[in-house]
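S.K.: Supplied in structure tokens, the structure appears directly below.
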Amino acid sequence: MSESSRPLHIVLGVGAGIAAYKVASLLRIFTEAGHDVVVVPTPSALNFVGSATWEALSGHPVISEVWDNVSDVPHVRIGKAADLVVVAPATADLLSRAANGAANDLLTNVLLTATCPIVYAPAMHTEMWLNPATQANVATLRERGSIVLDPAVGRLTGDDSGPGRMNEPSDIAQVALAQVHRTNELAGKHVVITAGGTREYLDPVRFLGNRSSGKQGIALAQVAYERGAHVTVIAANVAEQLPSGCTVIRVETTAELEAAVVGTTADVVIMAAAVADYAPVTISETKMKKSDGGQSPVIELKRTPDILRELVTRRDSEGREQVIVGFAAETGDSQGTVSDHGRAKLASKKCDVLVINDVSGDNVFGQETNEVLIIAKDSSTEQHVARASKRVVANAVWDTVAKLLQ
Ligand code: CTP
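All you need for the numbering used here is the position in the sequence shown, starting with 1, plus 13.
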């Protein structure tokens, strides 16, 4: 059996949040993959899902207080025996107790004694997540090496929606299992990721832009951070919440993006941003007025610099070791398929890896999922990633980059 399919001893800590009911599916994902799972709910979490459910699904007795089975010293034994601890849902209170080193129930004792990777999947109302107290606790846990996922954005318990929704069980499982085998795979590496789309202004209020939301770039940043990298995100007009734990540089125009990224000596640069290919030759300093009855304006455009090409040229002329990844938005046409256009683009841009999106239809921009073809210059990789969350796509991209970094 390979190291990556070895059965693991997983502790599944369950916090007192309504999302606890979804954690039954997370438990099933782990057990069906052959892992041994001990569930440790907090005493209050049993108000949401009771011991019988956890015992039946895990095949192990469930205890939540340090005063249960004392002769077995569970508060030390369970944490020390674990290969992985996953806490879901991680409530504001549980994150606070973990960050402060509290040991007032069995789960917090386990968190103090575990020496394996610990992954928290937060779930709470948006106000609680964004509260500086919670954010400080999250930062503390991350500084100490734990993985705290950014919660998903979506419908919360009531009618409200926003950041605070627990990530999908399959995504939590994927990130968590990856930690055991890949923790710190990118440690010591600096990676720069551009995300979003640039804007070219016509006047102070109007611009030429594109539909990129930045979600794929954000997922790439999250995964790189989870694999131990020092991450800089250059965000071009991204309205989405940017991942915490990363350095963020905000830009608007192609010229600003170019200034922020070209010359970087990072180990990896991923150009996930959709960069405007043309910009108006002149930008009016004042708002352009329409002249009633007059002619419609003709806007003269000029080419913007090709930043990806510039990065490759600079790296090669300076003889630096750097992995450069491009993205290609393609549609099939009479000249060739999406894959034909992608291959031609890889040859012309000379980057190391190209991630090709089929943007025909309405299946990429602003969506939570993506489907891509990943090709590497040295032919080491040609991988089709079937439609999956942008995080799954990001993991596939980093797997390819990690091979090239070795
Ligand atoms: N790119 C860039 N600078 C530009 C245009 C694109 O660095 N001025 C980068 C993008 O960030 C992406 C890759 O080049 O990583 C390919 O972008 P895409 O828009 O698919 O290709 P273009 O070079 O614009 O070619 P075309 O639009 O003609 O297909």
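Using N, Cα and C, we set each Cβ at its ideal position, and we do this for glycine too. Because the structure is a prediction, the values reported are computed rather than measured.
1) Can you check whether the CB of A286 is closer than 7 Å to the CB of G209?
2) Within its chain, find whatever has a CB closer than 6 Å to the CB of G92; leave out the 5 residues flanking it on each side and keep chain order.
3) Which first and last residues belong to the beta strand (DSSP E) in which I369 is found?
4) On the DSSP bridge assignment, give the partners of H397 in chain order.
5) Can you tell me whether S257 is helix, strand or coil according to DSSP?
6) According to the neighbour-count rule (16 or more other Cβ atoms, all chains shown, within 10 Å of its Cβ), is H73 buried or exposed?
7) What runs of the beta strand (DSSP E), each 3 residues or longer, lie entirely inside the region 112-172?
8) Should the region 163-170 be regarded as contacting the region 250-270, the criterion being three or more beta carbon pairs within less than 8 Å?
9) Are there 16 or more other CB atoms within 10 angstroms of the CB of Y34, so buried, or fewer, so exposed?
10) Hey, how far is the Cα of N60 from the Cα of P54?
11) Specify the secondary structure class of A322 as computed by DSSP and reduced to three states.
12) What is the residue span of the alpha helix (DSSP H) that T207 lies within?
13) Could you tell me the alpha carbon to alpha carbon distance between M14 and A152, rounded to whole angstroms?
14) Please report the residue range of the beta strand (DSSP E) in which R219 lies.
15) Mapping the DSSP letters down to three states, classify L314 as helix, strand or coil.
16) Quick one: give me the first and last residue of the beta strand (DSSP E) that I23 is part of.
17) If we count the other Cβ atoms within 10 Å of its Cβ and call it buried at 16 or more, is E68 buried or exposed?
18) Going by DSSP, name the residue or residues bridged to A357.
19) Closer than 8 Å is the cut-off here; do at least three beta carbon pairs connect the region 339-350 with the region 289-298?
20) Is any beta-carbon of chain B found at less than 7 Å from that of V406?
21) Decide yes or no for the touch test of the region 225-240 against the region 311-324: beta carbon pairs closer than 8 Å, at least 3 of them.
22) Output needed for A360: all residues of its chain with C-beta closer than 6 Å, excluding positions within five of it in sequence on either side, in chain order.
23) Just tell me which of E265, K228, A37, T350 has its CA closest to the CA of Y214.
24) Please state if the CB of V325 and the CB of C364 are separated by a distance shorter than 7 Å.
25) Check whether the Cβ of L321 sits closer than 6 Å to any heavy atom of the ligand MN, and report yes or no.
26) Less than 7 Å between C-beta atoms, sequence neighbours within five positions excluded: which residues of the same chain meet that for L270?
27) Comparing alpha-carbon positions, which option in V282, L367, R356 lies nearest R484?
28) Is V288 close to the ligand CTP? I mean its beta-carbon at under 6 Å from any heavy atom of the ligand.
29) Which residues in the same chain as S109 place their Cβ atom closer than 6 Å to its Cβ, once the five residues preceding and following it in sequence are excluded?
30) Alpha carbon to alpha carbon, how far is A103 from M141?
31) If you reduce the DSSP assignment to three classes, tell me which class D96 lands in.
32) Between the Cα of A136 and those of M179, T245, G307, T267, spot the shortest distance and give me the residue it belongs to.
M.R.: In short, the structure shows the following:
1) As a working note, residue 209 is residue 196 in the sequence shown. As a working note, residue 286 is residue 273 in the sequence shown. A contact, by the Cβ cut-off of 7 Å.
2) Residue 92 sits at position 79 when you count from the first residue of the sequence shown. Here the set comprises V123, T126, A127.
3) To locate residue 369, count along the sequence shown from 1; it is residue 356. It spans 366-371 - the beta strand (DSSP E) in which I369 sits, taken as one unbroken run.
4) As a first step, residue 397 is located in the sequence shown; it is residue number 384 there, counting from the start. H397 pairs with L386.
5) For the purposes of this step, residue 257 is identified with residue 244 of the sequence shown, where counting begins at 1. Coil at S257, not helix or strand.
6) Reading the sequence shown from its first residue, position 60 is the one you call residue 73. Counting Cβ neighbours within 10 Å, H73 comes out exposed, since fewer than 16 surround it.
7) 131-135, 165-168
8) yes
9) Within the sequence shown, residue 34 is the residue found at index 21, counting from 1. Answer is exposed; the Cβ neighbour count stays below 16.
10) Position 47 of the sequence shown, counting from 1, holds the residue named residue 60. Position 41 of the sequence shown, counting from 1, holds the residue named residue 54. Roughly 10 Å between the two C-alpha positions.
11) The residue given as residue 322 occupies position 309 in the sequence shown. As written in the sequence, residue 322 is Arg, which differs from the Ala given in the question. Reduced to three states, the DSSP call for R322 is helix.
12) Position 194 of the sequence shown, counted from the first residue, corresponds to residue 207. Note, T207: premise wrong, no alpha helix (DSSP H); beta strand (DSSP E) at 203-209.
13) Translated into positions along the sequence shown, residue 14 becomes position 1. Translated into positions along the sequence shown, residue 152 becomes position 139. For M14, the pLDDT reaches just 44, beneath the cut-off of 50, and the residue's location in the model is therefore unreliable, leaving the point undetermined.
14) Within the sequence shown, the letter at position 206 stands for residue 219. Premise fails: R219 is in no beta strand (DSSP E) and is neither H nor E.
15) Locating residue 314 in the sequence shown gives position 301, where the first residue counts as 1. Strand, per DSSP.
16) By one-based count along the sequence shown, residue 23 stands at place 10. First-last of the beta strand (DSSP E) with I23: 22-27.
17) Position 55 of the sequence shown, counted from the first residue, corresponds to residue 68. Exposed, by the Cβ-count rule.
18) Translated into positions along the sequence shown, residue 357 becomes position 344. Its beta-bridge partners do not exist; DSSP assigns none.
19) no
20) The question asks about chain B, but that chain is absent: this structure has only one protein chain.
21) no
22) Position 347 of the sequence shown holds residue 360. Cβ within range, chain order: n/a, list empty.
23) Within the sequence shown, numbered from 1, the residue matching residue 214 stands at position 201. Cα-wise, what sits closest to Y214 is E265.
24) Here residue 364 is taken as the residue at index 351 of the sequence shown, counted from 1. Here residue 325 is taken as the residue at index 312 of the sequence shown, counted from 1. Going by C-beta atoms, C364 is nearer than 7 Å to V325.
25) The model depicted lacks the ligand MN and carries the ligand CTP instead.
26) If you number the sequence shown from 1, residue 270 lands on position 257. If we look at L270 and ignore the five residues flanking it on each side, its Cβ neighbours are T207, T211, I247, A249, V264, A286, V288, I320.
27) Because the chain here runs from 14 to 419, residue 484 falls outside it and cannot be looked at.
28) Position 275 of the sequence shown holds residue 288. V288 Cβ: within cutoff of the ligand CTP.
29) Stepping through the sequence shown from its first residue, residue 109 is reached at position 96. Same-chain partners within the cutoff: N150.
30) Here residue 103 corresponds to residue number 90 of the sequence shown, with the count starting at 1. Here residue 141 corresponds to residue number 128 of the sequence shown, with the count starting at 1. Taking the straight line from one Cα to the other gives about 12 Å.
31) As a first step, residue 96 is located in the sequence shown; it is residue number 83 there, counting from the start. DSSP places D96 in coil when its eight states are reduced to three.
32) Within the sequence shown, numbered from 1, the residue matching residue 136 stands at position 123. Ranking the options by Cα distance to A136, first place goes to M179.
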